[in-house]
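Protein chains in written order, with my numbering: chain D, 468 to 831; chain B, 2 to 301. All C-beta atoms, glycine included, are put in the ideal place defined by N, C-alpha and C. For clarity, every value in this text was computed on a predicted model and none was experimentally measured. One structure is given here, and the rest of the page talks about it.
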């Protein structure tokens, strides 16, 4: 794994808020989690990102204690929590549909966890007020959840989960039910609350933009496995698996062949007509991950050149997204400057190219 | 008004309209179609009740019929017995019905769910005599229950089971459980199961989750179920006779005897009105407490 993960592994154990080892889970014949190892640093905002069915929500619910794993162990601040009930774990959880108690007011919802911890009414009321101020809803304390908008309910759920200062906050696609503008606004809000309170957060989403905007680190999940764990920048620019490149950065995957060449750790890559050398230990069949934005029109000497026919062209404001069918390779998506001159009508020939430094060689 | 605007196109294109289908009935057609139902309700429900009320106040001793009824020891005892037994039946039916309804709510296995539903609804499909005959067989001196008790050595001689209040309560509860389940199920299936998880995650014990979250949310269903079960129970006639015998009759039995054996129609009318009033009171109190929606949900 890359530098950040390596660096975090050398950190002292006390910096690890949540320690997850070899978690496995099956529902019937279906293996949902196939051995998950994960360390979440204290104060970190870590996102579990993956397509639906990748096991991310199951993992979160196992951490919360709503599902029990078939095997594996979990430690919270060094304390084994594998056999504890959700109540005993004392985590905060924000549910996908918020799960606010419909018969209780906003203030009673926020104060519920405190009441269960037998807080006195004075400090309880003060904390509830403080939490409602943090999420910007002090004027709605007396309302019932059904009288609130989706965004407001979301904030109440957040305040409720954070009121008793849990060691870990778990969030299951909390923005999934909101429309786009509200989602962007809530992302900002979440970042601010995380900054202000410094709570460790494990966040589940299938939306890579959301993950990019919020996370300190992102754990990419596919088919019950962790297939990438790194900072957003590293995952985006230096993906380590073809799945991460495709799912996370929408990269094009170009099949190619790597052969040994002069110099240790170098490989000669052949992809269609193009031939160039890169730093890589891989040999044989490989894929080249090329992000849509690193493609240029026209030929660049020494790089990967992809000639084909335009299938579709979409104007996206400042950008133009062009889909090009390249013989022997398939559809390639490029995102180029909309101001760039050229013929992008479907059927017109178009040559795309990418500099060698923007090509990532990965195992297929 | 809608009448003139409706008539306008009729004059304009009568032939075209004849073949088309519209989701809205004209007012005249609506009144015409609903008339039979209104007549049936008036004739079969409203008239008999009003006649009963009128008779109870005019025939025999007039309003004195009520004094007659209340001062009769047999009727007073029957009322007390009916109300107490019905209260026990209500508590048992709602209690058992609640656990069945919650099981149905939580069950994930489709076959298991179907079996529970079938078991719950079975008493609905059986005739009242068949149901009671089954219990009479079980509770008889040489019945299955006594055989098991004797076989296990729990008792030396057969226990008197038939013709006891316990037998009546068991038989009535068996009949009333479906009503309780059907009244409770809507309010229980409306509860988001994630709320239980939320409470658990916030530190609530199972008991606290039940008392602070689940119970308040399903309370309307409980009240509706209790009112429906109680109101139906106090009118039971066959089960108390077949399983309870003549020892401690239900009020319906006493009313029946008054009519068919003693020909004391005025007193029977007064007692009937009192019984009806208690049933209406139970339903009315529940309506006031939880509103029409919960009750209607319970009645299907």
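Could you tell me whether the Cβ atoms of residue i and residue j are closer together than 8 Å?
{"i": "residue 718 of chain D", "j": "residue 767 of chain D", "result": "no"}
{"i": "residue 561 of chain D", "j": "residue 610 of chain D", "result": "no"}
{"i": "residue 723 of chain D", "j": "residue 755 of chain D", "result": "yes"}
{"i": "residue 513 of chain D", "j": "residue 792 of chain D", "result": "no"}
{"i": "residue 192 of chain B", "j": "residue 219 of chain B", "result": "yes"}
{"i": "residue 202 of chain B", "j": "residue 558 of chain D", "result": "yes"}
{"i": "residue 252 of chain B", "j": "residue 83 of chain B", "result": "yes"}
{"i": "residue 818 of chain D", "j": "residue 777 of chain D", "result": "no"}
{"i": "residue 516 of chain D", "j": "residue 652 of chain D", "result": "no"}
{"i": "residue 691 of chain D", "j": "residue 711 of chain D", "result": "no"}
{"i": "residue 601 of chain D", "j": "residue 721 of chain D", "result": "no"}
{"i": "residue 170 of chain B", "j": "residue 93 of chain B", "result": "yes"}
{"i": "residue 185 of chain B", "j": "residue 98 of chain B", "result": "yes"}
Tell me whether residue i sits in a helix, a strand or coil according to DSSP, three-state version.
{"i": "residue 502 of chain D", "result": "strand"}
{"i": "residue 786 of chain D", "result": "strand"}
{"i": "residue 796 of chain D", "result": "coil"}
{"i": "residue 810 of chain D", "result": "coil"}
{"i": "residue 741 of chain D", "result": "strand"}
{"i": "residue 497 of chain D", "result": "strand"}
{"i": "residue 673 of chain D", "result": "coil"}
{"i": "residue 512 of chain D", "result": "strand"}
{"i": "residue 547 of chain D", "result": "strand"}
{"i": "residue 634 of chain D", "result": "coil"}
{"i": "residue 627 of chain D", "result": "helix"}
{"i": "residue 689 of chain D", "result": "strand"}
{"i": "residue 751 of chain D", "result": "strand"}
{"i": "residue 127 of chain B", "result": "coil"}
{"i": "residue 524 of chain D", "result": "helix"}
{"i": "residue 695 of chain D", "result": "strand"}
{"i": "residue 583 of chain D", "result": "helix"}
{"i": "residue 26 of chain B", "result": "coil"}
Where residue i and residue j are concerned, what is the direct C-alpha to C-alpha distance, given to the nearest angstrom?
{"i": "residue 205 of chain B", "j": "residue 785 of chain D", "result": "52 Å"}
{"i": "residue 623 of chain D", "j": "residue 606 of chain D", "result": "12 Å"}
{"i": "residue 66 of chain B", "j": "residue 263 of chain B", "result": "15 Å"}
{"i": "residue 77 of chain B", "j": "residue 189 of chain B", "result": "38 Å"}
{"i": "residue 48 of chain B", "j": "residue 270 of chain B", "result": "14 Å"}
{"i": "residue 632 of chain D", "j": "residue 490 of chain D", "result": "26 Å"}
{"i": "residue 825 of chain D", "j": "residue 594 of chain D", "result": "51 Å"}
{"i": "residue 91 of chain B", "j": "residue 175 of chain B", "result": "11 Å"}
{"i": "residue 541 of chain D", "j": "residue 485 of chain D", "result": "7 Å"}
{"i": "residue 827 of chain D", "j": "residue 482 of chain D", "result": "32 Å"}
{"i": "residue 153 of chain B", "j": "residue 689 of chain D", "result": "59 Å"}
{"i": "residue 668 of chain D", "j": "residue 23 of chain B", "result": "57 Å"}
{"i": "residue 709 of chain D", "j": "residue 646 of chain D", "result": "31 Å"}
Let me confirm a value: residue i is counted as buried when at least 16 other C-beta atoms fall within 10 Å, else exposed. Which label applies?
{"i": "residue 132 of chain B", "result": "buried"}
{"i": "residue 64 of chain B", "result": "exposed"}
{"i": "residue 640 of chain D", "result": "buried"}
{"i": "residue 52 of chain B", "result": "exposed"}
{"i": "residue 752 of chain D", "result": "exposed"}
{"i": "residue 494 of chain D", "result": "exposed"}
{"i": "residue 112 of chain B", "result": "exposed"}
{"i": "residue 648 of chain D", "result": "exposed"}
{"i": "residue 217 of chain B", "result": "exposed"}
{"i": "residue 241 of chain B", "result": "buried"}
{"i": "residue 28 of chain B", "result": "exposed"}
{"i": "residue 519 of chain D", "result": "exposed"}
{"i": "residue 272 of chain B", "result": "buried"}
{"i": "residue 474 of chain D", "result": "The predicted position of residue 474 of chain D is uncertain, since its pLDDT is 46 and thus under 50; no value can be drawn from it."}
{"i": "residue 259 of chain B", "result": "buried"}
Going along chain B in order, which residues have a C-beta closer than 8 Å to the C-beta of residue i?
{"i": "residue 584 of chain D", "result": "204"}
{"i": "residue 553 of chain D", "result": "198, 201, 202"}
Taking residue i as the query, report the chain D residues whose CB atoms sit under 8 Å from its CB, ordered along the chain.
{"i": "residue 224 of chain B", "result": "Per Cβ cutoff of 8 Å: no residues; residue 224 of chain B is ~15 Å from chain D at best."}
{"i": "residue 181 of chain B", "result": "Here the premise fails: no neighbours, minimum Cβ distance about 22 Å."}
{"i": "residue 99 of chain B", "result": "Those within 8 Å of residue 99 of chain B in chain D number zero; the least Cβ separation is about 18 Å."}
{"i": "residue 259 of chain B", "result": "Here the premise fails: no neighbours, minimum Cβ distance about 48 Å."}
Output, in chain order, the set of chain D residues within a Cβ distance shorter than 9 Å of residue i.
{"i": "residue 217 of chain B", "result": "568, 570, 571"}
What residues of chain D sit near residue i, judged by a beta carbon separation below 7 Å?
{"i": "residue 196 of chain B", "result": "566, 568"}
{"i": "residue 209 of chain B", "result": "583"}
{"i": "residue 214 of chain B", "result": "568"}
Which chain B residues are close to residue i, counting only those with a beta carbon under 9 Å from its beta carbon?
{"i": "residue 560 of chain D", "result": "198, 199, 202, 203"}
{"i": "residue 580 of chain D", "result": "202, 203, 204, 205"}
Along chain B, in chain order, which residues have C-beta atoms closer than 7 Å to that of residue i?
{"i": "residue 414 of chain D", "result": "Since the displayed chain D opens at 468 and closes at 831, residue 414 of chain D lies outside it and no answer follows."}
{"i": "residue 531 of chain D", "result": "202"}
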